[in-house]
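Chains as they are written, first to last, in the UniProt record's numbering: chain U, 1 to 376; chain S, 1 to 376.
Note that beta-carbon positions come from the ideal geometry of N, C-alpha and C, so glycine has one too.
These notes concern the structure reproduced below.
Number of protein chains: 2
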Amino acid sequence: MGSRDRAGSAPMNGGSPATVDKGVDFAQYFCTYAYLYHQKEMLCDKVRMDAYFNAIFKNKHHFLGKTVLDVGTGSGILAIWSAQAGARKVYAVEATKMSEHACALVKANNLQDVVEVIESSIEDITLPEKVDVIISEWMGYFLLRESMLDSVICARDRWLKPTGVMYPSHAIMWVAPIRSQLGEQKLNDYEASMEDWHCFLEDTETNYGVDMSVLTKPFSEEQGRYYLQTTLWNSLHPHQVIGNPSIVKEIDCLTATMKDISEVKSHISSSINICSQLCGFGGWFDVHFRGRMEDPAQEEVELTTAPSVEGNTHWGQQVFLLHPPVTISDGDNLSVSILMTRSKENHRLLEVDLGCKIFQASGRQLHTLEKKFYID
Amino acid sequence: MGSRDRAGSAPMNGGSPATVDKGVDFAQYFCTYAYLYHQKEMLCDKVRMDAYFNAIFKNKHHFLGKTVLDVGTGSGILAIWSAQAGARKVYAVEATKMSEHACALVKANNLQDVVEVIESSIEDITLPEKVDVIISEWMGYFLLRESMLDSVICARDRWLKPTGVMYPSHAIMWVAPIRSQLGEQKLNDYEASMEDWHCFLEDTETNYGVDMSVLTKPFSEEQGRYYLQTTLWNSLHPHQVIGNPSIVKEIDCLTATMKDISEVKSHISSSINICSQLCGFGGWFDVHFRGRMEDPAQEEVELTTAPSVEGNTHWGQQVFLLHPPVTISDGDNLSVSILMTRSKENHRLLEVDLGCKIFQASGRQLHTLEKKFYID
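This is the structure in structure tokens:
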């Protein structure tokens, strides 16, 4: 699940998944999903819808006569498809009042004998049985924003049969060097903001007799974080990708542990394929529906959020901008280190420590940079 | 305190002030005030700043050698002015980490011997003494959004001396009939949204075999509430006011009780002064700095947020739009009933039941309407 109007925006409350206050988590995160408008945005993402639709209906053998758990059912769409594909029983769990609409939708499509909608967080449910399939659309921006995979893993560990399959079965995170005009825009915005600040300082001293210059440093840091260090949602065109994309994380949804997904730590290389400016990096993900080794998909389906000429998904890509950009040449090589961790203030948000060394084709090091980013 | 990027946006948690969860209140409301950018927006409101500056410095007798409590000090500006006006001691209370910046600002202006910054909600503090003055900039959109006056009253009841004064001393809420193009825009947006919904229904049935028509009614209600029933921030020009403004509430900050301010219930009349369309109503407020009867201001100051040719304050006005607008004539009379109460989901947000009867100058009733609004 990803959306431009994304949940989890006010990063002022901390705690790990185990300790976070439920009321606060609801106020900061879950509440957006209670709106039909938000659900519709996701239901209108054709790439997303086609992938799940095909994954289910081209692999009916996983559903026919089986039991299914839909984690975070939202409008109920995946639960409904699972039932239509022949499931014996579908438990559709939804933490928000959207569950009431899911219930109505199930009835309106004559599936109330198969689909049971449960209003609850997944961590709190009790089911009468373990299930054959856990299906969920849990992906946030750059895969892991929102940290919903935590809940899917929790559900898997409690409710998936030893022979069960995960839908999706695998997830991969990609990073590539990009060019983009956004960096210059954001730098201009930041500089305009600081210029305005200095006028404000002058006015406040002159008109109101208060010297606010001691706040310049924290204001600059706050604005810098906002304009220059916060990743952006963007819809990249493939020609903005200026070097080969690299995998920074691979997740097997059947076996991944909470520890495995608590951070992303990777070292990648990328060869530049064009003389241009390195404006930053783009991050995206794929998920795959492969079933499991002992019970594979008959037809594997992939949902990719890579930059696409046909138009991107509602997830777009996450863009990590460098200020200023760095001039690079065809044949240059990048050596990039990425460490992505949970934000201490809000476990559903992420922080990224990115390091990049740029080498000429000859091996001579041209440039080195380090930057911290926030995925808010 | 009002700002376009206003706190208290996600109305999904209920409770009265006494019962609301502090963590949730912080996540939904207080957090915005921890940003310097937000404080700066308020500090750049010249009308606001001039009013408080003049109220204090033209009435130094209220401050010289006195004790002051600044409720919700933010950046500390009012506390600093109070000290510069000669206060013996100022307690500057701020619930967010903005208190750290207030502290730095106090030191940078050499007032640390007078101003003590306390990081706390006002309800939780203990002071060594009662104070001569309570000063606060607590006003939200249409005065009462954010319900911060609750906290000021709590502070007053606990910490103001029997002889103490309130800054501001009085507040008045106004409503006037208006014309505006916004109503038509919002109606178009709503209709476009519903048209898009019907295409979506068709696509979802055709491509994905799910009948979502049962969600049309709740979607329409959700969109209707969003586009047609949610009040808007707007910067009105005086010529948009098409009938005499009327007072709907008067508050004496020295004596008002929590019960007094828990709702606004009023019946007003307004004469239309132009042939036009009644597009809705505008709401705004004034506050006054009059001191108290036994210890009045030497120079009374008023802060008004009425529509102004010089440009409005950051509070703008709150606009209650009617769809469709009603054609009215010069000389027509409006009889308007208003009942404004706290939202059950979030006590810092408001709901308004508005009723309006339109009469010709002859007394013949032309029109009657009733509408519920949400101040989110």
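{"Query": "Residues in the same chain with beta-carbon distance under 8 Å from D295/U, minus the five sequence neighbours each way, listed in chain order, please.", "Result": "H62, T163, V165"}
{"Query": "Determine the direct distance from the alpha carbon of F57/U to that of G316/S, and round the result to whole angstroms.", "Result": "54 Å"}
{"Query": "Could you pull the start and end residues of the alpha helix (DSSP H) that L78/U belongs to?", "Result": "77-84"}
{"Query": "Compare the Cα-Cα distances from P307/U to each of L201/U, W233/U, S136/U, I261/U and report the closest residue.", "Result": "W233/U"}
{"Query": "Do T67/S and V114/S have their beta-carbon atoms positioned less than 8 Å apart in this structure?", "Result": "no"}
{"Query": "Can you tell me whether D70/S sits near the ligand MN, meaning its C-beta is under 7 Å from at least one heavy atom of the ligand?", "Result": "Judged by which ligands are present, the structure shown has none, so any question about the ligand MN falls away."}
{"Query": "On the criterion of 16 or more Cβ atoms from any shown chain inside 10 Å, does R88/U qualify as buried, or is it exposed?", "Result": "exposed"}
{"Query": "What residue from Y374/U, V71/U, Y52/U has the CA that sits closest to L149/U's CA?", "Result": "V71/U"}
{"Query": "Checking the sheet assignment: what are the DSSP bridge partners for L143/S?", "Result": "G140/S"}
{"Query": "Grab me the residues of A79/S's own chain with a C-beta within less than 6 Å of its C-beta, minus the 5 sequence neighbours each way, in chain order.", "Result": "D70, T73, V90, A92, V115"}
{"Query": "V352/S: buried (16+ other C-beta within 10 angstroms of its C-beta) or exposed?", "Result": "buried"}
{"Query": "Please identify, using Cβ separations under 7 Å, the residues of the segment 62-77 of chain S that lie next to chain A, in order along the chain.", "Result": "Among the chains of the structure shown, chain A does not appear; the protein chains present are U and S."}
{"Query": "With contact counted as at least three CB pairs below 8 Å, one residue from each stretch, are the segment 353-363 of chain S and the segment 329-337 of chain S in contact?", "Result": "yes"}
{"Query": "In the structure shown, what three-state DSSP assignment does K372/S receive?", "Result": "strand"}
{"Query": "Would you call the segment 163-182 of chain U and the segment 224-240 of chain U touching, i.e. three or more CB-CB distances under 8 Å?", "Result": "yes"}
{"Query": "In the DSSP assignment, the alpha helix (DSSP H) including Y190/S goes from what residue to what residue?", "Result": "182-208"}
{"Query": "Please report the distance separating the alpha-carbon of S169/S from that of E129/S.", "Result": "21 Å"}
{"Query": "When you check each C-beta in the segment 199-216 of chain U against every C-beta of chain S, which residues fall closer than 9 Å?", "Result": "F200, D203, T204, N207, Y208, G209, V210, D211, M212, S213, V214, L215"}
{"Query": "Taking 8 Å as the CB-CB cut-off, is K40/S touching chain U?", "Result": "yes"}
{"Query": "With DSSP collapsed to three states, give me the class of D45/S.", "Result": "coil"}
{"Query": "For the beta strand (DSSP E) holding L354/S, just list the boundary residues, first then last.", "Result": "350-359"}
{"Query": "To the nearest angstrom, report how far apart V309/U and P238/U are at their CA atoms.", "Result": "7 Å"}
{"Query": "Are the C-beta of V24/U and some C-beta of chain S separated by less than 8 Å?", "Result": "yes"}
{"Query": "Tell me where the alpha helix (DSSP H) around K22/U begins and ends.", "Result": "22-28"}
{"Query": "Would a check of beta-carbon distances place M49/U closer than 8 Å to chain S?", "Result": "yes"}
{"Query": "Since N109/S meets chain U, which of its residues come closer than 7 Å, beta carbon to beta carbon?", "Result": "V210, D211"}
{"Query": "I'd like to know whether the C-beta of E94/S is nearer than 8 Å to at least one C-beta of chain U.", "Result": "no"}
{"Query": "Taking C-beta to C-beta, are Q277/S and P325/S nearer than 8 Å?", "Result": "yes"}
{"Query": "Taking the continuous alpha helix (DSSP H) assigned at P168/S, which residues delimit it?", "Result": "Counting along the chain, P168/S falls outside any alpha helix (DSSP H), and DSSP gives it neither H nor E."}
{"Query": "Please give the ranges of any alpha helix (DSSP H) in the segment 229-268 of chain S, keeping only runs that are unbroken, at least 4 residues long and fully inside the region.", "Result": "258-262"}
{"Query": "Output yes or no for whether 8 Å exceeds the beta carbon distance between A55/U and Y167/U.", "Result": "yes"}
{"Query": "Using CA coordinates, which residue listed in L143/U, W138/U, F142/U is at the minimum distance from C154/U?", "Result": "W138/U"}
{"Query": "Classify Q365/U as helix, strand or coil using the three-state DSSP reduction.", "Result": "strand"}
{"Query": "Run through the segment 99-164 of chain S for me and flag every whole alpha helix (DSSP H) of 4 or more residues, listed as ranges in chain order.", "Result": "149-159"}
{"Query": "Where E191/U and H323/U are concerned, what is the direct C-alpha to C-alpha distance, given to the nearest angstrom?", "Result": "12 Å"}
{"Query": "Going by DSSP in three states, Y91/S sits in which element: helix, strand or coil?", "Result": "strand"}
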